[in-house]
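Written out below as structure tokens is the structure these notes cover.
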Amino acid sequence: MFGLVLSPTYKSRSEDYKKIFKEIPNDERLIVDYSCALQKDILVHGRMFISQNWVCFYANIFRWETVLTIPCKEICAITKEKTARVIPNAIQIATEKDKYFFTSFGTRDKTFMMLFRIWQNALMDQPMTPQEQWHWVHISYGEELGLTSSDDDYVPPPGLDYLRDRHITKEDGSIAGKTEDDGGYISEHDRDDDGGDLH
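Each residue of the sequence shown is one higher than the one before, counting from -10 in the numbering used here.
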């Protein structure tokens, strides 16, 4: 279908996350990412990536890269802010050394609640279980995550056990799924994914 722009899958975003932020431990799982802008000398538009222990930001504007990593345990405060003291679409993250002003969120309050929850879990040293992490991944990215049979660390959240069968892409590029009438498997060719743009 001409003119159709497909959204990047969770898998493609997760792969971007690991490639960009090489200092982050390999077992750190991306939970959600948001389009936003970092206020510096100029407004730098990019994406915020949130995992269980890190808040990261990446922008690539005409090959000028901005890479920021903030350990959750170093965060002192997260506050809702207003751009130009008027527009309620900003969040400030403060550490002992710096303050980071992020703006242009499409859903600022939703982003704030996710950030605050993950930050509090990190401070209390109460990490999410794998099922909880995947639960939030599904809330953020929907049922179709773009996973393949090599993603063997996937743990279906309660009530979503069928997802491993319905939405795991097989090596031949098709999706295995159960039919409703006989419990057998059918294959549906997955849509091409252009991987999206990070800026």
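Beta carbons: idealized from backbone N, C-alpha and C, even for Gly. Note that this is a predicted model, so its numbers are computed, not measured.
query	result
Starting from K4, trace the alpha helix (DSSP H) in both directions and tell me its first and last residue.	Looking at the sequence shown, residue 4 is not Lys but Glu. Segment Y(-1) to I9, the alpha helix (DSSP H) holding E4.
Could you give the first and the last residue of the continuous beta strand (DSSP E) run that contains E70?	I64 to T72
Just mark V33 as buried or exposed, buried being the case when its beta carbon has 16 or more other beta carbons within 10 Å.	buried
For the structure I just gave you, are there three or more beta carbon pairs, one from the stretch 9 to 16 and one from the stretch 110 to 127, closer than 8 Å?	no
Contact between the stretch 77 to 94 and the stretch 21 to 30: three or more CB pairs below 8 Å?	yes
Run through the DSSP bridge pairs and tell me what D22 is partnered with.	F38
Closest by CA to D130, which one among E63, Y23 and K71?	Contrary to the premise, residue 130 reads as Tyr rather than Asp in this sequence. Closest by alpha carbon: Y23.
If you count every other CB in all the chains shown that lies within 10 Å of the CB of P60, and 16 or more means buried, which is it?	exposed
Can you tell me whether T118 is buried or exposed, with buried defined as 16 or more other CB within 10 angstroms of its CB?	exposed
Is the stretch -1 to 12 touching the stretch 102 to 115 in the sense that three or more CB pairs, one from each, lie closer than 8 Å?	no
When the distance is taken between beta carbons, is L104 closer than 8 Å to I67?	yes
Beta strand (DSSP E) containing S15: first to last residue?	The question names Ser, yet the displayed sequence has Asn at residue 15. First-last for N15: undefined, no H or E at that position.
Does P(-3) pass the burial test, meaning 16 or more other C-beta atoms within 10 Å, or should it be called exposed?	buried
With DSSP as the reference, label L152 as helix, strand or coil.	Low per-residue confidence applies at L152: pLDDT is 43, beneath 50, and the placement is therefore not dependable enough to give any value.
Considering only C-alpha positions, which residue in the set S40, V21 and K7 is nearest to P116?	S40
At what residues does the alpha helix (DSSP H) containing E54 begin and finish?	From DSSP, E54 is part of no alpha helix (DSSP H) but of the beta strand (DSSP E) over W53 to P60.
Of the choices R74, W53 and Y6, whose alpha-carbon is the least far from that of I31?	W53
Whole angstroms are fine: how far does the CA of F38 sit from the CA of F101?	13 Å
Taking only runs that begin and end inside the stretch 83 to 116, name each unbroken alpha helix (DSSP H) of 4 or more residues, in chain order.	97 to 112
With Y130 as the anchor, note down where its alpha helix (DSSP H) starts and where it stops.	P119 to Y130
Using 10 angstroms around the beta-carbon of I80, count the other beta-carbons present and answer buried if the total reaches 16, otherwise exposed.	buried
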